[in-house]
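Read in this note's numbering, the sequence shown has 645 at position 167, and its numbers run on one by one without any break. Notes for the one structure printed next.
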Amino acid sequence: MYYEPGKIYHIYNRGNNKQRVFLHDENYDFFLRQLNSYFKSAEVNLLVHCLMPNHYHLLVELSKPAAFSNLMWAFTTSYVKSFNKWNSRVGHLFQQEFQPKLIDTDDYLAHVCRYIHLNPVQANLVQNPKDWNYSDFTVWISENKKSDSRRIQLRNDLIGSGRDYEKFVMKFAEARKIEKEVERKLFGKVRK
């Protein structure tokens, strides 16, 4: 796949057989440090991230032409080798190569940002995305006026202030919660 500079892509992958790809806090921290290091050297903007126990979501924007598939392969290989060494294991960690989706409209972009940040809530890991340590939700809702990061610029362009973004996310979370409760009462089961 050709990755075009200036375009935004949703990148995701999950563990082989849906197994955990992060077992300890150190795994999450190492993944993010390595990711930021690889992305910085290639001038890739990490706009949104959420690391879940058995998968990850990233929203990225390339600043210049880059062999992004090769970059992700090198990054993933470095993480898997370290993970395997730490946990005395061998073999594949991820189910497949990462999956990319081009984000082609602002509405879709806003929805994907919200979807990524709500992942830990939807998985019943936390009640509020602010409580999940392995995403950048708190950066997105920050009111730090001095921040000139691409994340904050994107948030301002899409939604507005940090407070506006938090309302945007939590309103949808509440609607999903009500929808799940109705489904449970009507059908005795709940879609994820």
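Cβ coordinates follow ideal geometry from the N, Cα and C atoms, glycine included.
Limits of the alpha helix (DSSP H) - the one that residue i falls within
i: Glu-504; result: 503-520
i: Trp-618; result: 615-618
Cut-off 7 Å between Cβ atoms - residues of its own chain near residue i, not counting five sequence neighbours on either side
i: Ala-601; result: Met-530
i: Leu-537; result: Ile-486, His-488, Leu-525, Val-526, Val-590, Cys-591, Ile-594
i: Asn-494; result: His-570, Leu-571, Phe-572, Gln-573
i: Ala-520; result: Ala-544, Leu-549
i: Phe-553; result: Gln-512, Leu-513, Tyr-516
i: Phe-615; result: His-595, Pro-607, Lys-608
Boundaries of the beta strand (DSSP E) in which residue i is found, first to last residue
i: Arg-628; result: Element bounds for Arg-628: not the beta strand (DSSP E) but the alpha helix (DSSP H), 628-636.
i: His-535; result: 533-540
i: Asn-597; result: Counting along the chain, Asn-597 falls outside any beta strand (DSSP E), though it belongs to the alpha helix (DSSP H) covering 584-600.
i: Gln-577; result: 577-581
Sequence-distant residues of the same chain with beta carbon closer than 6 Å to residue i, five excluded per side
i: Glu-644; result: Ile-619
i: Tyr-481; result: Leu-540, Phe-546
i: Pro-543; result: Pro-483
i: Asn-597; result: Cys-528, Met-530
i: Arg-492; result: Asn-532, His-533, Gln-573
i: Phe-576; result: Ile-489, Asn-491, Met-550
Classification of residue i by the beta-carbon crowding that lies within 10 angstroms, buried from 16 upward
i: Met-550; result: buried
i: Phe-665; result: exposed
i: Asn-505; result: buried
i: Leu-632; result: buried
i: Trp-610; result: buried
i: Arg-628; result: exposed
i: Ser-613; result: buried
i: Val-499; result: buried
i: His-535; result: buried
i: Val-604; result: exposed
Residue i in three-state terms, based on DSSP
i: Leu-524; result: strand
i: Pro-483; result: coil
i: Arg-567; result: coil
i: Arg-492; result: strand
i: Phe-646; result: helix
i: Phe-572; result: strand
i: Leu-549; result: helix
i: Leu-664; result: helix
Contact belief for residue i with residue j at Cβ below 8 Å, rounded distance in angstroms
i: Leu-524; j: Leu-513; result: 7 Å
i: Val-568; j: Ile-581; result: Contact flag wrong, Cβ pair sits at about 36 Å.
i: Pro-578; j: Met-648; result: Not quite, the Cβ-Cβ distance comes to about 28 Å (not below 8 Å), so this is no contact.
i: Phe-509; j: Tyr-586; result: Not quite, the Cβ-Cβ distance comes to about 26 Å (not below 8 Å), so this is no contact.
i: Val-599; j: Ala-651; result: 6 Å
Spatial neighbours of residue i in its chain, beta-carbon cut-off 8 Å, leaving aside the 5 residues before and after
i: Ala-588; result: Leu-636, Ile-637, Phe-646
i: Arg-641; result: Ile-619, Glu-621
i: Asn-562; result: Val-568, Gly-569, Leu-571
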